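The next block holds one structure in the form of structure tokens; read it before the comments.
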Amino acid sequence: MVAVLSGVVLSCVGGRYRVFTGEQILEATLRGRMKQTGEAQVLVGDRVALAMHGAEEATIERVHERDSVLRRRSPGRARGTRPVAANVDQVVVVGSTRRPDWNPYLIDRFTAVAEANHVAAIVVVNKVDLEDSAEAFGDAYRRAGYAVLATSTKTGVGIAELRERLTSHVSLFAGPTGVGKSSLLNALVPGLTLRTAAVSHRSGAGRHTTVSAEMHSIGHGGFVVDTPGLRDVGLWGLDPAEVGEAFPEVAPHRPDCRFDNCRHRGEPGCAVRGAVERGLVARTRYESYLRLLEEAEAAARPWG
Ligand code: GDP
Ligand code: ZN
Numbered sequence: 042m043v044a045v046l047s048g049v050v051l052s053c054v055g056g057r058y059r060v061f062t063g064e065q066i067l068e069a070t071l072r073g074r075m076k077q078t079g080e081a082q083v084l085v086g087d088r089v090a091l092a093m094h095g096a097e098e099a100t101i102e103r104v105h106e107r108d109s110v111l112r113r114r115s116p117g118r119a120r121g122t123r124p125v126a127a128n129v130d131q132v133v134v135v136g137s138t139r140r141p142d143w144n145p146y147l148i149d150r151f152t153a154v155a156e157a158n159h160v161a162a163i164v165v166v167n168k169v170d171l172e173d174s175a176e177a178f179g180d181a182y183r184r185a186g187y188a189v190l191a192t193s194t195k196t197g198v199g200i201a202e203l204r205e206r207l208t209s210h211v212s213l214f215a216g217p218t219g220v221g222k223s224s225l226l227n228a229l230v231p232g233l234t235l236r237t238a239a240v241s242h243r244s245g246a247g248r249h250t251t252v253s254a255e256m257h258s259i260g261h262g263g264f265v266v267d268t269p270g271l272r273d274v275g276l277w278g279l280d281p282a283e284v285g286e287a288f289p290e291v292a293p294h295r296p297d298c299r300f301d302n303c304r305h306r307g308e309p310g311c312a313v314r315g316a317v318e319r320g321l322v323a324r325t326r327y328e329s330y331l332r333l334l335e336e337a338e339a340a341a342r343p344w345g
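Residue numbering for the sequence shown is 42 to 345, as defined by the working numbering.
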């Protein structure tokens, strides 16, 4: 009889899967009959049943039901999505105070993508060692109801709190290039040595160093997923009417708008605009909303 184990998929490269059983990491291949239905059916983060053939050889027999699938737009194609990882329950949206400068629009884009995927988000303001008033960057997000953490991988500030937030979650790190995602993961994952990219002086942008999604155990039931290349996430499949739902502080005002189909652009009696005027919704968040709405509308046009 073959021994059956369960585990979680940490990475898939060229048809070989690394699966964490809680005690060890096994290399596994897909069982023959699973191969026929395509590689994409087993994702990083999937909980799987493994059969052991001897001490070394493992095959993935079955994928357990997923709680969620995080998707991104397929690269190089206008339409279609590609699954990134399964069972992610928290997106850690990282931005930096400087080098590169804090960019509200990019941060908002990532929180909106998390919301659209029905995954919780937290916001990390990294490189607080470079800016005295780093606190201010998080204001709009605290007001929106997000947990905001201030960190520095140089001084170690906030790393313990961040680690605590990751316990018992599968967290995905997302954010613009160069903000310090790899550095944070290196600080969080014992033994991890992701290459970090030096920030170029001219553009302030880091260089891409890693390629495919990979998950790491950080102990206490916590996992982190590193997904390089997620910076070009789009608002695939997001209906223009849903963009407001992707902003948790905008959504509650919607029922008070005069028009049912209000898109909060400047329609008379718009409660969202009113909330912006009264400071209940941060202006930067509202501007991001308008920009993302514009993008979703363009994507929804058949000739777009
Ligand atoms: P990623 O592209 O988001 O993965 O960013 P990296 O982790 O590669 O970091 C980009 C650059 O920022 C590297 O030169 C890091 O050494 C630097 N960096 C990362 N975290 C911090 C920080 O907290 N403070 C400062 N001053 N620099 C940092
Ligand atoms: Zn409105």
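We treat Cβ as the ideally placed atom computed from N, Cα and C, and that holds for glycine. Only a predicted model underlies this, so the values are computations on that prediction, with no experimental measurement involved.
Within 6 Å: the Cβ of residue i and any heavy atom of ligand 1?
i: T356; result: With the chain running from 42 to 345 in the structure shown, residue 356 is simply not present.
i: D280; result: no
i: T234; result: no
i: D170; result: yes
i: S193; result: yes
i: S224; result: yes
i: N167; result: yes
i: G285; result: no
Quick one: measure Cβ to Cβ for residue i and residue j, integer angstroms, because I've assumed they're closer than 8 Å.
i: V89; j: G56; result: Contact flag wrong, Cβ pair sits at about 15 Å.
i: V135; j: F214; result: 6 Å
i: S346; j: V129; result: In the structure displayed, the chain extends from 42 to 345; residue 346 sits before or after that span and is not available.
i: A254; j: T234; result: With a Cβ gap of about 18 Å, A254 and T234 do not count as contacting.
Please go through the same chain and pick out, in chain order, the residues whose beta-carbon is closer than 6 Å to the beta-carbon of residue i, but skip the five residues on each side of it.
i: P296; result: none
i: L190; result: V165, G199, E202 and L203
i: E290; result: A185 and V322
i: V313; result: V291, H294 and H305
i: H261; result: T208
i: E80; result: Low per-residue confidence applies at E80: pLDDT is 47, beneath 50, and the placement is therefore not dependable, though the value from the model is reported in the following sentence. Cβ neighbours of E80 beyond the five flanking positions: none.
Cα separation between residue i and residue j?
i: E205; j: F300; result: 44 Å
i: D180; j: A44; result: 52 Å
i: R72; j: L91; result: 9 Å
i: R319; j: T325; result: 14 Å
i: E336; j: V104; result: 35 Å
i: Y146; j: T192; result: 20 Å
i: A96; j: Y58; result: 16 Å
i: V50; j: T70; result: 11 Å
i: V211; j: A175; result: 27 Å
i: W143; j: A339; result: 26 Å
i: L46; j: G285; result: 43 Å
i: F151; j: P343; result: 25 Å
i: T100; j: G63; result: 17 Å
i: E156; j: I66; result: 32 Å
i: H257; j: A228; result: 12 Å
i: N302; j: I163; result: 30 Å
i: K222; j: V230; result: 12 Å
i: R183; j: M93; result: 48 Å
i: V160; j: F288; result: 13 Å
i: S329; j: D149; result: 6 Å
i: E102; j: A127; result: 17 Å
i: T225; j: V60; result: Residue 225 is actually Leu in this sequence, not Thr. Near 23 Å, if we compare the C-alpha coordinates of V60 and L225.
i: P217; j: V266; result: 15 Å
Any chance the CB of residue i is under 6 Å from a heavy atom of ligand 2?
i: V313; result: yes
i: H257; result: no
i: C53; result: no
i: H210; result: no
i: H159; result: no
i: H261; result: no
i: H105; result: no
Take residue i and list the residues in its own chain whose beta-carbon comes closer than 7 Å to its own, dropping the five residues that flank it on each side.
i: Y327; result: V317
i: C53; result: V83 and V85
i: R139; result: K168, L171 and E172
i: H242; result: Bear in mind that a pLDDT of 39 at H242, under 50, signals an unreliable position, so the model cannot answer this.
i: T196; result: D170
i: S244; result: For S244, the pLDDT reaches just 40, beneath the cut-off of 50, and the residue's location in the model is therefore unreliable, leaving the point undetermined.
i: G345; result: Confidence is the limiting factor: at G345 the pLDDT is only 47, short of 50, which leaves the residue's position unreliable, though a coordinate-based value still follows. A339.
Excluding the 5 residues preceding and the 5 following residue i in the sequence, name in chain order all residues of the same chain whose CB lies nearer than 8 Å to its CB.
i: A341; result: D280 and P281
i: C298; result: H305, E308, G310, C311, A312 and V313
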